[in-house]
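Asks: Protein chains in written order, with this note's numbering: chain G, 5 to 95; chain U, 5 to 222.
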């Protein structure tokens with residue numbers, strides 16, 4: 005089953021279109037919409053993370069890799085949160 | 005044991021992580037890069053919380069439309085890279101060479117556009133060196149230069165500069181892979197080199213997706 009998945013081509017063009025639409029939405033939201041700073045930042049970061057996950061899953065083929073590689077790939081993220089949250093509490 | 009068998013043997017997943025060693029090695033390297041860029045982004049977030057007055061609104065100093073086009077280019081280069089890999093998965097060497105060349109050209113264009121952007125910003129005095137900084141603004145010329153502060157330039161050039169260096173290195177690695185592909189080094193059974201450079205290239209695109217949003221749009 006995994007052998008077949010590997011040869012099945014992910015929807016590369018569809019993913020490309022989604023990435024472009026999200027990028028245009030981000031630029032539009034940032035430059036032309038009057039959104040309070042906090043919600044603007046939150047919305048933009050969620051869209052950016054969504055795009056990053058799409059690239060990792062479909063272009064880096066994480067979606068077709070063994071679960072162990074997933075765990076390896078995700079492992080730095082908690083450290084990232086610790087770095088930011090630990091220091092941001094200063095302000 | 006014939007060459008093909010040996011090559012296929014190379015790609016047989018090793019026990020443990022169940023991926024072949026070259027791919028595992030690239031993944032572990034990319035995770036160290038996640039740490040690297042996380043520290044840059046984390047520091048940026050913290051500095052911006054600490055000194056919000058150093059930053060201006062999106063588009064006032066930095067050229068967002070130009071960079072949005074550049075982001076579009078890098079996303080396109082990810083597509084050409086996966087097309088290159090898909091080609092060699094089917095044994096199509098001509099397709100591999102064509103898509104690799106497209107990826108190289110787009111990647112080089114991305115770095116070129118970034119150099120043009122830097123040149124314009126430095127020309128306006130928006131530089132990485134703290135004490136040589138003076139506020140510039142493109143938002144509304146009638147209102148005069150925007151306020152902003154030296155941390156803006158310092159963090160901007162640190163983050164986008166390191167990323168630009170990663171893209172440049174990626175372009176050189178792609179040129180190397182392209183030359184090897186012209187020599188027929190990659191086949192349906194021997195494509196690790198293409199897959200591994202593809203992982204790096206997509207990672208560079210992934211980092212830019214986050215950087216573009218954080219540095220230019222917020």
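By construction, the Cβ of each residue, glycine as well, lies at the ideal position given by its N, Cα and C atoms.
Assuming residue 92 of chain G contacts residue 50 of chain U under a Cβ cut-off of 8 Å, what Cβ separation, rounded to an integer in Å, is found between them?
Replies: Confirmed, Cβ separation roughly 6 Å.
Asks: Where residue 70 of chain G and residue 57 of chain U are concerned, what is the direct C-alpha to C-alpha distance, given to the nearest angstrom?
Replies: If you take the alpha carbons of residue 70 of chain G and residue 57 of chain U, they lie about 46 Å apart.
Asks: Could you name the residues of chain A that residue 29 of chain G contacts, counting a contact when the two beta carbons are closer than 9 Å?
Replies: Note that chain A does not occur in the displayed structure, where the protein chains are G and U.
Asks: Rounded to whole angstroms, how far is the Cβ of residue 28 of chain U from the Cβ of residue 21 of chain U, which I believe are closer than 8 Å?
Replies: Right, their Cβ atoms sit about 5 Å apart.
Asks: Using 10 angstroms around the beta-carbon of residue 59 of chain U, count the other beta-carbons present and answer buried if the total reaches 16, otherwise exposed.
Replies: Label assigned to residue 59 of chain U: buried.
Asks: Flag this pair as yes or no: are the beta carbons of residue 216 of chain U and residue 113 of chain U separated by less than 8 Å?
Replies: Against a cut-off of 8 Å, the Cβ pair of residue 113 of chain U and residue 216 of chain U comes out as no contact.
Asks: Check whether the Cβ of residue 100 of chain U sits closer than 7 Å to any heavy atom of the ligand GTP, and report yes or no.
Replies: Looking at this structure, you won't find the ligand GTP or any other ligand, since it has none at all.
Asks: Between the Cα of residue 187 of chain U and the Cα atoms of U:120, U:65, U:97, which residue gives the shortest distance?
Replies: Minimum Cα distance to residue 187 of chain U is reached at U:97.
Asks: Are any of the Cβ atoms in chain G nearer than 8 Å to that of residue 163 of chain U?
Replies: Output row for residue 163 of chain U: interface = no.
Asks: What whole-angstrom Cβ distance do residue 78 of chain U and residue 88 of chain U have, given they're in contact under 8 Å?
Replies: That pair is no contact at about 15 Å.
Asks: With H, G and I counted as helix, E and B as strand and the rest as coil, what does DSSP make of residue 107 of chain U?
Replies: Helix at residue 107 of chain U.
Asks: Taking the straight line between their C-alpha atoms, what separation do you get for residue 131 of chain U and residue 44 of chain U?
Replies: About 18 Å.
Asks: Throw me the rounded Cβ distance for the residue 214 of chain U and residue 111 of chain U pair, which I believe falls under 8 Å.
Replies: At roughly 18 Å, the Cβ-Cβ gap does not stay under 8 Å, so residue 214 of chain U and residue 111 of chain U are not in contact.
Asks: Please classify residue 25 of chain G as buried or exposed, where buried requires at least 16 other C-beta atoms within 10 Å of its C-beta.
Replies: Residue 25 of chain G is exposed by the Cβ-count criterion.
Asks: Counting contacts by CB-CB distance shorter than 8 Å, is residue 34 of chain G in contact with chain U?
Replies: Taking Cβ atoms only, chain U reaches closer than 8 Å to residue 34 of chain G, which makes this a yes.
Asks: Since residue 37 of chain U is in the alpha helix (DSSP H), which residue starts that stretch and which ends it?
Replies: Start and end: 25-54.
Asks: What do you get for residue 81 of chain U, buried or exposed, if any count of 16 or more other CB atoms within 10 angstroms of its CB means buried?
Replies: It counts as buried.
Asks: Taking residue 79 of chain G as the reference, give the member of U:55, U:42, U:74 with the closest Cα.
Replies: That would be U:42, whose Cα lies nearest to the Cα of residue 79 of chain G.
Asks: Where does residue 93 of chain G fall in DSSP's three states?
Replies: It is coil, neither helix nor strand.
Asks: Report buried or exposed for residue 50 of chain G, applying the criterion of at least 16 other Cβ atoms within 10 angstroms of its Cβ.
Replies: Classification of residue 50 of chain G: exposed, given that the 10 Å Cβ count is below 16.
Asks: Kindly list, in the order they appear in chain G, the residues whose Cβ is closer than 8 Å to that of residue 191 of chain U.
Replies: The premise fails here: residue 191 of chain U is roughly 16 Å from chain G at the closest Cβ pair, so nothing lies under 8 Å.
Asks: Compare the C-beta of residue 93 of chain G against all C-beta atoms of chain U and say whether one is closer than 8 Å.
Replies: No, because no Cβ of chain U sits closer than 8 Å to the Cβ of residue 93 of chain G.
Asks: Who pairs with residue 194 of chain U in a beta bridge, going by DSSP?
Replies: Answer is U:191.
Asks: Just checking my contact of residue 85 of chain U with residue 205 of chain U at CB under 8 Å: how many whole Å lie between their CB atoms?
Replies: Sure, about 5 Å apart at Cβ, within 8 Å.
Asks: Contact criterion: CB-CB distance below 8 Å. Does residue 68 of chain G meet it with respect to chain U?
Replies: Closer than 8 Å: no.
Asks: Please state the DSSP three-state secondary structure of residue 57 of chain U.
Replies: Helix at residue 57 of chain U.
Asks: Quick one: which chain U residues come within Cβ less than 8 Å of residue 80 of chain G?
Replies: The answer, in chain order, is 35, 38, 39, 42.
Asks: Compute the beta-carbon to beta-carbon distance between residue 59 of chain G and residue 210 of chain U, rounded to the nearest angstrom, for a pair I have assumed lies under 8 Å.
Replies: That belief holds up - the Cβ atoms of residue 59 of chain G and residue 210 of chain U are roughly 5 Å apart, short of 8 Å.
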